[in-house]
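**Q** Numbering (my numbering), first residue to last: 203 to 342.
All C-beta atoms in this analysis are idealised placements derived from N, C-alpha and C, irrespective of residue type, glycine included.
This is the structure I have questions about; it appears just below.
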């Protein structure tokens with residue numbers, strides 16, 4: 203996932219996309235409490251934005267509550283906090299609020315609030331360079 207910033211905030215593409223963490227990371231540690239799991243994840247390769255993640259997952263909804271992101275040097279890059287878990291549509295249970303803080307932006311917090319998520323299906327061809335000029339029509 204790209205490190206490219208989204209809309210000038212602390213978020214980048216990997217923070218807001220729905221990622222398959224099992225494809226990108228391997229579990230190197232796991233703890234369990236009565237309400238949550240804490241997973242330590244290590245990147246399988248260097249194509250992802252973060253080398254190591256410490257992810258707290260809500261047991262009931264099986265959704266992330268918090269993700270602490272580190273560089274390969276061990277330096278803290280950012281912390282994402284997921285709040286207000288909602289059912290947006292059948293099969294779509296996600297946090298309605300995502301907050302991120304970073305030591306690189308002291309005193310700042312970026313917040314994304316989702317009011318509505320509408321599932322849509324697209325053919326694979328939509329995501330090719332030939333169709334990039336038509337991307338605006340996908341949102342309709």
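#1: DSSP beta-bridge partners for residue 312?
#2: Three-state secondary structure (DSSP) at residue 291?
#3: When burial is assigned at 16 or more other CB atoms within 10 Å of the CB, is residue 315 buried or exposed?
#4: Go ahead and pull the three-state DSSP assignment for residue 286.
#5: Under three-state DSSP, which class holds residue 276?
#6: Got a sec? Which residues, its chain only, sit under 8 Å from residue 295 by beta carbon, not counting five neighbours each side?
**A** Put simply:
#1: DSSP output for residue 312 lists 302 as bridge partner(s).
#2: Three-state result, residue 291: strand.
#3: So residue 315 counts as exposed.
#4: Three-state DSSP puts residue 286 in a strand.
#5: Secondary structure at residue 276: coil, using DSSP grouped into helix, strand and coil.
#6: Correct list, in chain order: 263, 265, 287, 288 and 289.
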